[in-house]
Amino acid sequence: MRWWVLVTILVAPLFASMVPAEAMPVSNDNLEAVSEENVIVHPGEAVTTYVTVHNTASVTQTVTIDVVSNHTDLTVLGLPTSANLAANHLHQFTFEVMASNASAFQSSNITFHITGDVDTDAVLSVNMSVRIAPYSNLSWGVNGISQFVVDETVRTSVAVNMTNNAERVDNVTFSLSSPSSWSWGWNMDSNTQGQAVLNLTQGETGYVYLWVDVPEVLDGAPLAGTGPRFTLTGVSGLDLAAHTWQFDLLMNEKRNVSIDHVDSNLTLSPTQDGRAQITVRNVGNTVNTLNISMVAVDEDGQVLPGMTRSDRFNVSGWTVALFGGLEDVPLSPNESRVVEVGIQAPYELTGELRVKLIVFAQGASLLQRETTVQATIVRTTGAEFSVEHQGCDDLNEINSCAVETTVTNTGNSFNTFTVRISDVTDGFNTSVGETDRAFFLRGQQKELAVVTVVSRPELLAFTRGTMDLEVVDDTGRVVAAQSVNLRVSPLIRWNLTVVDETVDRNGRLSMAFEVRNDGNAADGLMVQLQSSHAVEMGLVPPEGAVYEDGVVEPRSMEINTVPIGSTFTLRAWAELPQDQSSNGTMYLNTTLRSRYTPEDMFVHTTEADYLGTPWQPLGEDDEASVWAERVSLSLAYLEAWAGVLLASAFSFALVVVAVRARQRRRAENTLMPYQRASETADDWMAKFNPGPSEPATPPGIEPASTPDAIHKEDYARQFRQQHGHAAVQQTPVNPQLVNAAQLVLEKRTEERELQRADDLLNALQAGQIASPMLDIAPPVEVTEPPATSMPSQTKPGTTTTNTPPIWQDDDLDF
688 MRWWVLVTIL VAPLFASMVP AEAMPVSNDN LEAVSEENVI VHPGEAVTTY VTVHNTASVT
748 QTVTIDVVSN HTDLTVLGLP TSANLAANHL HQFTFEVMAS NASAFQSSNI TFHITGDVDT
808 DAVLSVNMSV RIAPYSNLSW GVNGISQFVV DETVRTSVAV NMTNNAERVD NVTFSLSSPS
868 SWSWGWNMDS NTQGQAVLNL TQGETGYVYL WVDVPEVLDG APLAGTGPRF TLTGVSGLDL
928 AAHTWQFDLL MNEKRNVSID HVDSNLTLSP TQDGRAQITV RNVGNTVNTL NISMVAVDED
988 GQVLPGMTRS DRFNVSGWTV ALFGGLEDVP LSPNESRVVE VGIQAPYELT GELRVKLIVF
1048 AQGASLLQRE TTVQATIVRT TGAEFSVEHQ GCDDLNEINS CAVETTVTNT GNSFNTFTVR
1108 ISDVTDGFNT SVGETDRAFF LRGQQKELAV VTVVSRPELL AFTRGTMDLE VVDDTGRVVA
1168 AQSVNLRVSP LIRWNLTVVD ETVDRNGRLS MAFEVRNDGN AADGLMVQLQ SSHAVEMGLV
1228 PPEGAVYEDG VVEPRSMEIN TVPIGSTFTL RAWAELPQDQ SSNGTMYLNT TLRSRYTPED
1288 MFVHTTEADY LGTPWQPLGE DDEASVWAER VSLSLAYLEA WAGVLLASAF SFALVVVAVR
1348 ARQRRRAENT LMPYQRASET ADDWMAKFNP GPSEPATPPG IEPASTPDAI HKEDYARQFR
1408 QQHGHAAVQQ TPVNPQLVNA AQLVLEKRTE ERELQRADDL LNALQAGQIA SPMLDIAPPV
1468 EVTEPPATSM PSQTKPGTTT TNTPPIWQDD DLDF
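Quick note on our numbering: the sequence shown kicks off at 688 and runs consecutively.
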């Protein structure tokens, strides 16, 4: 490679421009001004220069600039002049300075005055140094921009020549500039400001020597064929004319690769596969492809026996493959790609494998990069444990709760889990089901043992506790735990013992009970007294009972906070009914409700028989009043039912007459016309002759026969065979209900009988008597009875027709 470059080119004339001097500011209260401090002018030449004015006043003002002193060899063109400046605005006054042709080479000053109309007395003076100088004539030995190809990390030397074509000696100052940060320097004399100095006599050619350190190609920069531009400037000492030459340093091709990121460790479970990501990057400065391969190594990084570089291989049950490692994928400078090393572990609980990845850029195999990925089999055990329960906050010696457990294997391999009770509060008995241990595959979920909890009898209500459950793996390590809150609920148990139930001679029923709290909580009672009859009754409140204020005979009360195992006596009384018309039984219910569970009732029923008014024993003083009351009651009933009885008797008489008339018509219809003989005067006396005492039987009706007699025991036995035994006697119905039903039934029966009698009488009065149905009557063969002397019932002028008798069924048959 080149370490230095020597450039020798004939110098060509270059146009030299003037270098302006630094601006010098001056100011007063209303104005500020800036101008060039030094101006170079050649004889016979006009140079443009400037003065910039700033209006610092708060109002607009007119600013005027004029020359007040000047050298005789210099002429200022374009002044005086004025301009309007708004507040805080700027204005640049430009003008020309011209030197005469015969002027000598010298330096002089020009003074300018600047005034404003805001304060006309305030004058701002500006001094400008003007130097009349000869023309310089310098030229570089090269034209245009030069380009040099360089390599990284190499110091490049550059040399260029310059010729003084002027008629005077010129002391030239050189400087180098570049937008890059590359280091550079001079291989020649320099001054304290880092500038090189070259003294050139008339017609002399000199060389400028410099060097540039080319940095390393980093992240693909600078790209191949590109590089920074350097500018070399030479300033003449005669008239400060600047002459520049530019050159570019272009980078040569650089091929390289880097490994930026590596997942160096893979943790795998048995039979699990994983991938380690590796980021590779083209750090060369040209487009290129990469060569990637793998090999298994030991702990020291040495290749395992029998292994060669490849993109996939198997070793000791491990399977390794390279993903995304195609070699024909081009990468631009500083472009990255991700490759993956896939590793599958064998079916073992422990083990490890090291895989070395080797990568280099095409064309730069000596600059290969390596990295190692280690895969380790690590068995992790874990479980998710959940419990479901119902009733664990309502425990007592009767109620128990069942806790259902569910376990999920969250480890990376199979395992065996066991559910056990680690701790439980004293007073609670627990038991674990048979299925407390099970085998789980990875990710499998199963329901394990059901834990049953019950509280002991000695625990009081509202006692709280906890039960801690644990899940243990096959190594004995606890992998999950849950806690279940326990609570003893009130057990309501009242023991009611009847001490006394008596009825005194005045008909008062008295009761006494012993009530004992056999539950597990200090409970209270709500007591209520109810009767089947409207009678006077009441409770006898014990000490501390709460009942309605002002009530003399309370029928309900509350007893608060009865301690566990305490006993108290409950008393009640009731008057037996004295005004009932029949005997009966009164039922008196004593209902006890717990304060904790009002829906649970303890009911005791007391039965007491009573006598109706007719059966109640009377005293001698009451005998007369009782008979008088009975007579009065009978008269009242008779008066109330007199009309009904008369109507019934009248109806019955009409019914009897109607029945007899029908029987007579039937008898007449059974006689043929020739049998109907008229009664003569000799026959009517025969009716008064004594005859047999046997009652006459109506025609067509046979006398009823007497049934055979049957013994009473035989009849009862046959009745039981057909109908079964008599039903068990039920609880007597309330006598008041029986009496009411009996009155209603008698009233409705009597009204129905009266209605039927009224309908019959209306039918008789209207003549609606049943007549024979001749068209449907079948022929009947009639045997003529012997003739009897009966008067003819045929009306004169009528014709008698022989009609077969027909049995008529009408609504008069009772």
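For every residue, glycine included, the Cβ atom is placed at its ideal position computed from N, Cα and C.
Item	Value
Since residue 928 contacts residue 823 with CB under 8 angstroms, what's their CB separation in whole angstroms?	5 angstroms
For residue 1256, count neighbouring Cβ atoms within 10 angstroms of its own Cβ and tell me buried if that reaches 16, exposed if not.	exposed
Between the beta-carbon of residue 991 and the beta-carbon of residue 985, is there less than 8 angstroms?	yes
By alpha-carbon positions, which one of 1242, 764 and 1279 ends up nearest to residue 1184?	1279
Bridge partners of residue 1510, per DSSP?	The structure shown has nothing for residue 1510, since the chain only spans 688 to 1501.
In whole angstroms, give me the CA-to-CA distance for residue 791 and residue 883.	30 angstroms
Below 6 angstroms CB to CB, which residues in the same chain sit around residue 1103 once its five sequence neighbours on both sides are set aside?	1126 and 1161
For residue 713 and residue 811, which I take to be in contact (beta-carbon distance under 8 angstroms), what is that distance rounded to the nearest angstrom?	6 angstroms
Taking residue 1064 as the reference, which of 1053, 1098 and 1051 has the closest Cα?	1098
Closest by CA to residue 870, which one among 1131, 1025, 781 and 901?	901
Can you tell me whether residue 1391 is buried or exposed? The criterion is at least 16 other CB atoms within 10 Å of its CB, across all chains shown.	Interpretation of residue 1391 is limited by its pLDDT of 44, a score under 50 that renders its predicted location unreliable; the figure taken from the coordinates is listed afterwards. Flag for residue 1391 reads exposed.
Confirm, please, whether the CB-CB distance from residue 1023 to residue 947 is below 8 angstroms.	yes
Along the chain, where does the beta strand (DSSP E) containing residue 723 start, and where does it finish?	718 to 723
Would you kindly work out how many angstroms separate the C-alpha atoms of residue 1281 and residue 1169, rounded to a whole number?	36 angstroms
Please list, in chain order, all residues of the same chain as residue 1050 whose beta carbon is under 8 angstroms from its beta carbon, the five residues on each side excluded.	942 and 975
Just to confirm the assignment, what range does the alpha helix (DSSP H) spanning residue 1428 have?	1422 to 1452
How long is the line joining the alpha carbons of residue 1005 and residue 1047, rounded to whole angstroms?	26 angstroms
Touching or not, the region 849 to 861 and the region 912 to 926, by the rule of three or more beta carbon pairs under 8 angstroms?	yes
So, is residue 1327 buried or exposed, given that buried needs 16 or more other C-beta atoms within 10 angstroms?	exposed
Among residues of its own chain, excluding the 5 on either side of residue 864, which ones have a beta-carbon nearer than 8 angstroms to its beta-carbon?	917, 918 and 920
Taking all protein chains shown into account, decide if residue 876 is buried (16 or more other Cβ within 10 angstroms of its Cβ) or exposed.	exposed
Which residue's Cα is closest to the Cα of residue 1195: 1203, 1222 and 1202?	1222
What residue from 1060, 1261 and 830 has the CA that sits closest to residue 1240's CA?	1261
Between which two residues does the beta strand (DSSP E) containing residue 822 stretch?	Element bounds for residue 822: n/a, residue is neither H nor E.
In the region 886 to 931, which residue ranges form an unbroken beta strand (DSSP E) of at least 3 residues, counting only runs that do not cross its ends?	892 to 900 and 916 to 922
Using 10 angstroms around the beta-carbon of residue 752, count the other beta-carbons present and answer buried if the total reaches 16, otherwise exposed.	buried
Is there contact between the region 833 to 848 and the region 752 to 767, where contact requires at least three CB pairs shorter than 8 angstroms?	no
Can you check which of these residues, 851, 1172 and 1017, is closest to residue 1141 by C-alpha distance?	1172
Considering only the beta carbon of each residue, do residue 1152 and residue 1206 sit closer than 8 angstroms?	no
Among the residues of its own chain, which have a CB less than 8 angstroms from the CB of residue 717, if the five just before and after it don't count?	742, 743, 744, 748, 803, 805, 806 and 809
Beta-carbon separation of residue 1263 and residue 1190 under 8 angstroms?	yes
So residue 1323 and residue 1258 are supposed to be a Cβ contact under 8 angstroms. How far apart are they, rounded?	44 angstroms between Cβ atoms; not a contact.
Would you say the region 727 to 737 touches the region 770 to 777, given that touching needs at least three Cβ pairs under 8 angstroms?	no
Between the C-alpha atoms of residue 1342 and residue 1353, what's the straight-line distance to the nearest angstrom?	17 angstroms
Where residue 1431 and residue 1175 are concerned, what is the direct C-alpha to C-alpha distance, given to the nearest angstrom?	59 angstroms
So, for residue 787: in the same chain, excluding its five sequence neighbours on each side, which residues have a beta-carbon less than 6 angstroms away from its beta-carbon?	760
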